[in-house]
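Let me begin by presenting the structure, written as structure tokens, before commenting on it.
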Amino acid sequence: MHYSLYHPSQAEEIKQLFLNTFSDSEGESEGLLVSNLAFDLMKNTEASKVEVYVATEESRIVGCILLSTMNFDSKASAYLLSPVAIATQYQGKGIGQALIGYALKELKEKGVESVMTYGDPNFYSKVGFQQVETSIIASPYPLTQPQGWLANSLNGNAFDTVLGKPVCVEVFNHPDLW
Numbered sequence: 001m002h003y004s005l006y007h008p009s010q011a012e013e014i015k016q017l018f019l020n021t022f023s024d025s026e027g028e029s030e031g032l033l034v035s036n037l038a039f040d041l042m043k044n045t046e047a048s049k050v051e052v053y054v055a056t057e058e059s060r061i062v063g064c065i066l067l068s069t070m071n072f073d074s075k076a077s078a079y080l081l082s083p084v085a086i087a088t089q090y091q092g093k094g095i096g097q098a099l100i101g102y103a104l105k106e107l108k109e110k111g112v113e114s115v116m117t118y119g120d121p122n123f124y125s126k127v128g129f130q131q132v133e134t135s136i137i138a139s140p141y142p143l144t145q146p147q148g149w150l151a152n153s154l155n156g157n158a159f160d161t162v163l164g165k166p167v168c169v170e171v172f173n174h175p176d177l178w
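Right, here's the structure in full:
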């Protein structure tokens with residue numbers, strides 16, 4: 001398995017990966033929603049605000065994660081990890097964890113302080129994420145499942161100071177996503 005930054009020419013293949021993966025697990029409408037969101041992030045968000053990492057096997061993309069900037073009043077350097085897709089037949093093999101680990105290492109080397117995500121605490125805790133109260137790190141919008149608001153400190157600092165309310169890239173500025 002090879003982990004790397006994506007190339008813009010891979011955007012259509014990545015969109016199809018998200019469509020297939022989320023359609024398999026959540027149904028076709030969710031597959032369309034998430035694949036369009038991922039494509040929008042890649043194509044319509046300023047390149048300096050998005051990091052896209054892929055897992056490839058024999059030049060076929062089998063996993064992808066997208067990270068986009070989150071801006072706080074405190075000027076903390078942070079990213080939002082979302083969405084994530086691993087091809088259905090490759091799930092449960094540690095590829096997602098390895099891909100996230102690779103991306104977090106890359107971001108840390110670039111000076112990023114923390115990464116947030118909104119997802120399954122059981123999965124993301126395996127790659128260093130911990131639940132965080134919205135009173136410490138606010139979510140961009142009210143959460144339907146607050147236990148899924150997670151953070152990973154890349155600089156080793158504890159999340160004990162209020163960072164304020166974040167501003168996400170435009171793609172995530174829709175309350176129904178939260």
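Under UniProt numbering, the first residue of the sequence shown is numbered 1, with each subsequent residue one higher. Backbone N, C-alpha and C define an ideal beta-carbon position, used for all residues, glycine too.
Separation of residue j from residue i, as counted between CA atoms
{"i": "Val52", "j": "Thr69", "result": "12 Å"}
{"i": "Leu150", "j": "Thr21", "result": "22 Å"}
{"i": "Tyr118", "j": "Gly27", "result": "20 Å"}
{"i": "Pro121", "j": "Gln130", "result": "7 Å"}
{"i": "Val112", "j": "Leu154", "result": "7 Å"}
{"i": "Ser9", "j": "Lys43", "result": "11 Å"}
{"i": "Ile61", "j": "Lys49", "result": "22 Å"}
Alpha helix (DSSP H) segment containing residue i, residue limits
{"i": "Leu33", "result": "28–44"}
{"i": "Tyr118", "result": "Note, Tyr118: premise wrong, no alpha helix (DSSP H); beta strand (DSSP E) at 114–118."}
{"i": "Pro121", "result": "121–124"}
{"i": "Glu170", "result": "From DSSP, Glu170 is part of no alpha helix (DSSP H); its letter is neither H nor E."}
Terminal residues of the beta strand (DSSP E) in which residue i lies
{"i": "Glu51", "result": "50–57"}
{"i": "Leu81", "result": "77–86"}
{"i": "Asn71", "result": "60–71"}
{"i": "Tyr3", "result": "2–5"}
{"i": "Leu177", "result": "Premise fails: Leu177 is in no beta strand (DSSP E) and is neither H nor E."}
{"i": "Leu150", "result": "149–153"}
Cβ separation of residue i and residue j, assumed to be a contact under 8 Å, to the nearest whole Å
{"i": "Pro83", "j": "Ala38", "result": "6 Å"}
Cβ-based burial, residue i [other Cβ within 10 Å; buried from 16]
{"i": "Lys126", "result": "exposed"}
{"i": "Ala47", "result": "exposed"}
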